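One structure is given here, and the rest of the page talks about it.
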Amino acid sequence: MSNTPLIFLGVLAAFLWSWVTMVYAPYRDFSKIQPAVYPQTGEVFPNKRPGYASQGREIYQEEGCATCHTLQNRSPQIANDSKRGWGNRHTVIQDFAFDPQPPIGSVRIGPDLANIGVRRTDRQWHLLHLYNPKLTVENSTMPQYPYLFETRQIRGGGSTNALKLTGSLAPAAGHEVVPTQRAQLLVSYLLSLKANAPIYEAPPAPEKKAGNATNNPAATNAAGTNAGAATNQNAQ
Amino acid sequence: MALTTETPARYSLEGALPALTVEQSARVPLLLLVASALKWFAISALFGTLAFASLHAPGMGKLPFLTYGRVQPVFVDALVYGFLTNAAIAAGLYLICRLGRNTLALPSLVTVATLFYNIALTVALVLILAGYNSSQQLFEFPKGPAIAMFISFLPFALSAFLTNARRTVAEMYPTQWFVLAGFICFPWLLSTAIWMIHLNNVTPMVHPSVHQWYANGVVALWLVPVALGAIYYFTPKLSGRTLHSSGLAAFGFWTYIFFAGFGGFQFTSVLPRWYPAVSAAVAVLLLIPAASNFLNWQRTITGLKNRPEGQTWHLIRVSSVLYVIATVLAALTAAGNTANFFAFTFVVPGLFFLTTLGVVGFALLATIYYMVPRLTGCDWGKSIVLQRRLTIFGSMLLILALLIGGLRHAGGLNDPGKDFMSVLRSTFPFVGMGTVAMLVLLVSQLAGIGALMRNFYGCCCGSANDRTRTAGRTH
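So the protein lines, in turn, are chains A and B.
Heads up: the first sequence runs through residues 0 to 235, numbered per numbering that gives the first Met the number 0.
Heads up: the second sequence runs through residues 0 to 474, numbered per numbering that gives the first Met the number 0.
Written as structure tokens, this is what we have:
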């Protein structure tokens, strides 16, 4: 086999085959997915994150949170993620419809965060966790992010955002530890992580069906993961 | 049909350039690439040590650029784009020159491109440390350095194709097929990723599929083909035998190239199910080229009475065996319950390092061990033995730590009754092994750089006794 053009064209054809299948086909299909409205609730899915949360995603990426945390809750049919309380339905690609370069992660050195905005709704908890993870989770191995906070002299009555620190972590008298804007943005993003919108192709865990308000099946195929989405009648 | 690197009828050396002339033409750019590769291996090992240490001592990373989230991507990118890519370019160009018996095309351009590529990579890694991190594994760097790396890679591919086009030996050997395939695929992979993720305003839902296709391709369609090419070159050459079958080699080549681009998709539920299904099927189908390639190599050396000695032979043999093991493990963990069991655990990076460090890294180091004395005119002496032994030990320790630790990680994660932190803490002994492995690799690469510098010194300033002049060498 000494025909260089043949080798070149053969390799190119093989490569093109994988490119068409794994890159172009999803590009064609996913581009057609449009947001849809749930008739029962009036909610839109997939929907953009609020501006602060969207900026917080960039900080999540910059700090490399995805090296330890996944944003991929798995289906109750195949894994025990829901039994760990990490979410009632599996994550789908539409959950990242407006998140460029979604940091979905590949290893769980920390818990899955696909539904952290549902599991932990207290902003102060997240801020304390970022400042010193051991304050909120015993034996946590997560790094501390003190550079996302500022220790400053108390002005006036003090900041309402100041961390409630005690003991050895308490700042010097007359001082307070307040989150920087980056910390607030990052927490806004974490609070926006809610992979719980009901969709047809991601049924929730069976045992939680009864009385679960988020379990109403979408009357419309809100967002198919395949070509079916293209026929979405309620596209806006 | 037998094919050989020696003198079969179809592989006539009549009219071919002498090996010494060929090697001298490529001396400067290839040595620069080798020096860059070893330097990046040491840098990668340094950041790898910091990354593993910060897993069991998380408090050490209070400075932004020392946190695990920033150090770990630098460790992996320095390994893949620093050590392995520089070494793959050097090995690929060298093998194409040697087998085609032709001088390297555009050597000055290759030298300049090497400098630019490594500057672009340095900028990319510094930016990741500074927080410009996209969190896409193997594609963390920002748009600017990514484009600079793509542009600076083009001269390497151009040189490889021009060198091959002007070869003085008409017949092409399997090594050349694999290496040229790598040089075709990598620029296309990188340009597609840059276009789809950074430049084109496509829906972000496409990004995970593009990213996973790219990350798999960098290893499976760029690095592994060059490594397989090196194994195809050295197995018959060092054993002094003819290759068992060129037909089998062609079968192994085409089946590998046609299937490899579909692999690597996570067995998770974010993407539509057909992605991991195709990927899992391909992981099994890749057993076919793995079996045919390995059979070809084994049949080539069957009955060999005097096994060759030397650093290159040892590493090539280890690499070829690890190639089969990596393919089998990838197939076993690609689908169904096993894929779900091992998903998101340390088994994932364990398999990644098995392929990158074990299969590719060892094959490329073997090529470096063979190539450098022929380029400088000086033998390594015994100085390189330390590097080889420590590199094998460190790499295998890292891979085993992650694979065995991954088993415990998977067992714990799949038991919802076990507290997450206790599961993680149960893997700490293996994380500790990983830290030791990275320290060993750091020492080994410092030894390698020292050996390379001694080789350069012996080449430039050493006495006649230090030198092994290659004049008159015919192979």
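From the three backbone atoms N, C-alpha and C, an ideal C-beta is built for every residue, glycine too.
Computed from a predicted model, the values in this text were never measured in an experiment.
Could you have a look at residue i and say whether DSSP puts it in helix, strand or coil?
i	result
A:His89	coil
B:Glu308	coil
A:Thr150	strand
A:His128	helix
B:Tyr131	coil
B:Gly471	In this prediction, B:Gly471 scores a pLDDT of 35, lower than 50, which makes its location untrustworthy; no coordinate-derived value is stated.
B:Pro271	coil
A:Pro178	strand
B:Phe264	coil
B:Phe293	helix
B:Leu242	strand
B:Gln343	In the sequence as displayed, the identity of residue 343 of chain B is Phe instead of Gln. If DSSP states are grouped into helix, strand and coil, B:Phe343 belongs with coil.
B:Ala156	helix
B:Phe182	helix
A:Val106	coil
A:Lys207	The predicted model places A:Lys207 with a pLDDT of 46, which falls under 50 and marks its position as unreliable; any figure quoted below should be read in that light. Here A:Lys207 sits in helix by DSSP.
A:Cys64	helix
B:Phe40	helix
A:Phe97	coil
If we call anything under 8 Å between Cβ atoms a contact, is residue i one with residue j?
i	j	result
A:Gly104	A:His68	yes
A:Leu192	A:Leu70	yes
B:Cys377	B:Gly447	no
A:Tyr146	B:Pro63	yes
B:Leu397	B:Leu356	yes
B:Gly510	B:Asn295	Given that chain B is displayed from residue 0 to residue 474, the structure contains no residue 510 of chain B and the question cannot be resolved.
B:Ala338	B:Ala248	no
B:Ile230	B:Val209	no
B:Ile315	B:Thr234	yes
A:Thr135	A:His174	no
Can a CB atom of chain A be found closer than 8 Å to the CB of residue i?
i	result
B:Phe64	no
B:Leu314	no
B:Ser190	no
B:Ser208	yes
B:Ala164	yes
B:Tyr369	no
B:Pro28	no
B:Trp194	no
B:Gly130	yes
B:Gly260	yes
B:Cys458	no
B:Leu412	yes
B:Gly99	no
Taking 8 Å as the threshold (beta carbon to beta carbon), is residue i in contact with chain B?
i	result
A:Asp121	no
A:Glu62	yes
A:Ser167	no
A:Trp18	yes
A:Phe95	yes
A:Ile198	no
A:Thr213	Low local confidence applies: a pLDDT of 37 at A:Thr213 is under 50, so the model's placement there is unreliable, with the coordinate-based value given in what follows. A:Thr213 does not count as touching chain B.
A:Asn114	no
A:Thr179	no
A:Lys207	Note that A:Lys207 has pLDDT 46, beneath the 50 cutoff, so the model's placement of it is unreliable and the number below is only indicative. By this cut-off, A:Lys207 is not an interface position.
A:Arg83	yes
A:Leu8	no
Can you give the beta carbon distance from residue i to residue j, rounded, assuming they're within the 8 Å contact cut?
i	j	result
B:Leu402	B:Gly349	4 Å
B:Leu285	B:Thr174	Going by Cβ atoms, the distance from B:Leu285 to B:Thr174 rounds to 20 Å, so no, they are not a contact pair.
B:Ala400	B:Thr354	The pair is not a contact, with the Cβ atoms about 16 Å apart (cut-off 8 Å).
B:Gln444	B:Ile383	Wrong, their Cβ atoms sit about 12 Å apart, outside the cutoff.
A:Pro102	B:Ser134	4 Å
B:Ala219	B:Ala282	Wrong, their Cβ atoms sit about 10 Å apart, outside the cutoff.
B:Leu496	B:Leu92	Missing from the structure shown is residue 496 of chain B; chain B here goes from 0 to 474 and no further.
B:Gly360	B:Leu37	Contact flag wrong, Cβ pair sits at about 12 Å.
A:Gln93	A:Ile6	Actually they do not touch by this definition, with Cβ atoms about 41 Å apart.
B:Val205	B:Pro106	The Cβ separation is near 40 Å, so there is no contact.
A:Arg118	A:Val186	Actually they do not touch by this definition, with Cβ atoms about 14 Å apart.
Mind checking whether the beta-carbon of residue i lies closer than 7 Å to any heavy atom of the ligand NAP?
i	result
B:Phe345	This structure lacks the ligand NAP, and indeed carries no ligand of any kind.
Is there contact between the region 8-21 of chain A and the region 181-196 of chain B, where contact requires at least three CB pairs shorter than 8 Å? yes
Any contact of the region 14-28 of chain B with the region 100-115 of chain B, i.e. 3+ C-beta pairs under 8 Å? Yes: the two stretches touch, three or more of their Cβ pairs being nearer than 8 Å.
Can you find at least 3 beta carbon pairs, one from the region 131-142 of chain B and one from the region 70-86 of chain B, that sit closer than 8 Å? yes
For the region 214-227 of chain B against the region 187-196 of chain B, are there 3 or more C-beta pairs whose distance is under 8 Å? Touching, yes.
So, does the region 48-56 of chain B touch the region 428-439 of chain B, judging by three or more C-beta pairs under 8 Å? These segments touch.
Inspect the CB distances between the region 51-58 of chain A and the region 33-43 of chain A and report whether three or more fall short of 8 Å. Segments in contact, no.
For the pair the region 386-395 of chain B and the region 410-430 of chain B, tell me if three or more CB-CB distances fall below 8 Å. The answer is no - the region 410-430 of chain B does not touch the region 386-395 of chain B, with fewer than three Cβ pairs under 8 Å.
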